[in-house]
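Q: Numbering (the working numbering), first residue to last: 14 to 394.
Heads up, the beta-carbon is just placed ideally off N, CA and C, and yes, glycines get one too.
All figures in this text were calculated on a predicted structure; none of them were measured in a lab.
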Ligand code: AMP
């Protein structure tokens, strides 16, 4: 294995076939790379734009080794790839980020322990393995609190808020697995995120801070730059860069944070891949998060992540289709709005089908445009 840069014309393997991989593949193909995708489903959002689509179970080591043998480097768009698969790919080709980084980030408890042991502030938490653990943890942390699955959680799946003692048994049953994490409910002023990119040489570039709004625990809108004081933005970027270094990640690291009273920042979650809260970078930055991931994993110099214009995105969930097909033409009548659809065939409630992005003279104006566009495309019942 070599640390020589992997140059255009080479083949990048991407584990995971969702929208993050799709936008990565678009960026990679634009720069003259070939892309092979690996996902259990045929016609995946990534597979649709890749040169080669491998359809196999994530536990299929043979298929993963075959996939790796045809690539020059392997990255991922989904952190919950089973460790044995990632490790066997790593025997054949460089995998960036590494199996170790994935191992930490694919498990909430390991991630929180890594963060707190490395000296980063997180919301107070307790591991829970039984209903009686849960009761003790609630006595310690107080209510309200949020019970989360320790592994394989995303978009708020497997999360239950507990406000009163009569909800404890139900919350434990809903968790439905042996290991969970109880977190104190944080009264935050804002939710922020920073995507840091770290190259093979350890150099880091951070994207501007995003300000995020969640609905039903799913990202709804993301705005950049965040409407916060410059010193908070600086601290948020510094925090993301420090975590990326502590984790020794090669590629991207999205750091979700809560901004709480007195301007303190608590780390909520890490993702070693492109992130929904950086999708505006595709339309609004000198270098998008997807191109930056490509540069990092290929050992190329990182690009400039600067914003060309304030921007906002609004997610398009499957719920939008409930009363008919969205009126794309109405949303696109707003000229500063861009439409991104992920090629998913079945719109289900809560499923991310696409997003809209607007650029404008200010973050607030961009948010206003994108929300107006989303409102415009909703079919009337
Ligand atoms: P997560 O999957 O942990 O990123 O959670 C999804 C969303 O749920 C977050 O972005 C917050 O809006 C909310 N949330 C998660 N944990 C907490 C917490 N400890 N306190 C308050 N809100 C939370």
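What does the alpha-carbon distance come out to for the pair residue 173 and residue 196?
A: In a straight line, the C-alpha of residue 173 is about 10 Å away from that of residue 196.
Q: For residue 45, which residues from the same chain have a beta carbon less than 7 Å from its beta carbon, with the 5 sequence-adjacent residues on both sides left out?
A: Closer than 7 Å at the Cβ level, and outside the excluded window around residue 45, lie 21 and 22.
Q: Which value, in whole angstroms, describes the spacing of the CA atoms of residue 14 and residue 342?
A: Low confidence applies to residue 14: its pLDDT is 45, below 50, so where it sits in the model is not reliable enough to give any reading.
Q: Kindly examine ligand 1 and report whether one of its heavy atoms sits closer than 7 Å to the Cβ of residue 133.
A: Checking every heavy atom of ligand 1 against the Cβ of residue 133, none is found closer than 7 Å.
Q: With the cut-off set at 8 Å, would you say residue 80 and residue 49 are in Cβ contact?
A: Yes, these two residues count as a Cβ contact at 8 Å.
Q: For a quick check, are the C-beta atoms of residue 234 and residue 326 less than 8 Å apart?
A: A contact, by the Cβ cut-off of 8 Å.
Q: What does the Cβ neighbour count give for residue 52, buried or exposed, with the cut at 16 atoms within 10 Å?
A: Buried: at least 16 other Cβ atoms inside 10 Å.
Q: Out of 58, 28 and 47, state which residue places its alpha-carbon closest to the alpha-carbon of residue 359.
A: It is 58.
Q: Helix, strand or coil: which one does DSSP assign to residue 256?
A: Helix at residue 256.
Q: Starting from residue 128, follow the alpha helix (DSSP H) in both directions and report where the run begins and ends.
A: Residue 128 -> alpha helix (DSSP H) spans 121-130.
Q: Quick check: residue 262 and residue 239, are their CB atoms within less than 8 Å of each other?
A: Not a contact, by the Cβ cut-off of 8 Å.
Q: Run through the DSSP bridge pairs and tell me what residue 135 is partnered with.
A: In the DSSP output, where bridge partners are listed per residue, residue 135 has 280.
Q: If I follow the unbroken beta strand (DSSP E) through residue 225, where does it start and stop?
A: Element bounds for residue 225: 223-228.
Q: Where does residue 339 land, buried or exposed, given buried means 16+ other C-beta within 10 angstroms?
A: The residue is buried, with at least 16 neighbouring Cβ atoms inside 10 Å.
Q: Cα-Cα, which of 373, 376, 88 and 82 is closest to residue 105?
A: The residue with the shortest Cα to Cα distance from residue 105 is 82.
Q: Let me check you understand the geometry: is the CB of residue 239 closer than 7 Å to at least one non-hydrogen atom of ligand 1?
A: Result no, Cβ not under 7 Å from ligand 1.
Q: Is residue 192 near ligand 1, judged by its Cβ being under 7 Å from some heavy atom?
A: No.
Q: Between 55, 72, 133 and 213, which lies nearest to residue 65 when the distance is taken from Cα to Cα?
A: Answer by Cα proximity: 55.
Q: For residue 346, tell me which candidate among 373, 376, 310 and 385 has the shortest Cα-Cα distance.
A: The shortest C-alpha separation from residue 346 is found at 385.
Q: Let me make sure I understand the geometry here. Which of 279, 310 and 219 has the alpha-carbon closest to that of residue 264?
A: Taking only the C-alpha atoms, the option nearest residue 264 is 310.
Q: When you measure from the CB of residue 187 to every non-hydrogen atom of ligand 1, does any distance come out below 7 Å?
A: Residue 187 Cβ: outside cutoff for every heavy atom of ligand 1.
Q: Roughly how far, in whole angstroms, is the beta-carbon of residue 381 from the beta-carbon of residue 370, given that I think they are within contact range, below 8 Å?
A: With 8 Å as the limit, residue 381 and residue 370 do not qualify as a contact, their Cβ atoms being about 13 Å apart.
Q: Name the two residues that bound the continuous alpha helix (DSSP H) containing residue 153.
A: Looking at the DSSP string, the run of the alpha helix (DSSP H) that includes residue 153 is 144-154.
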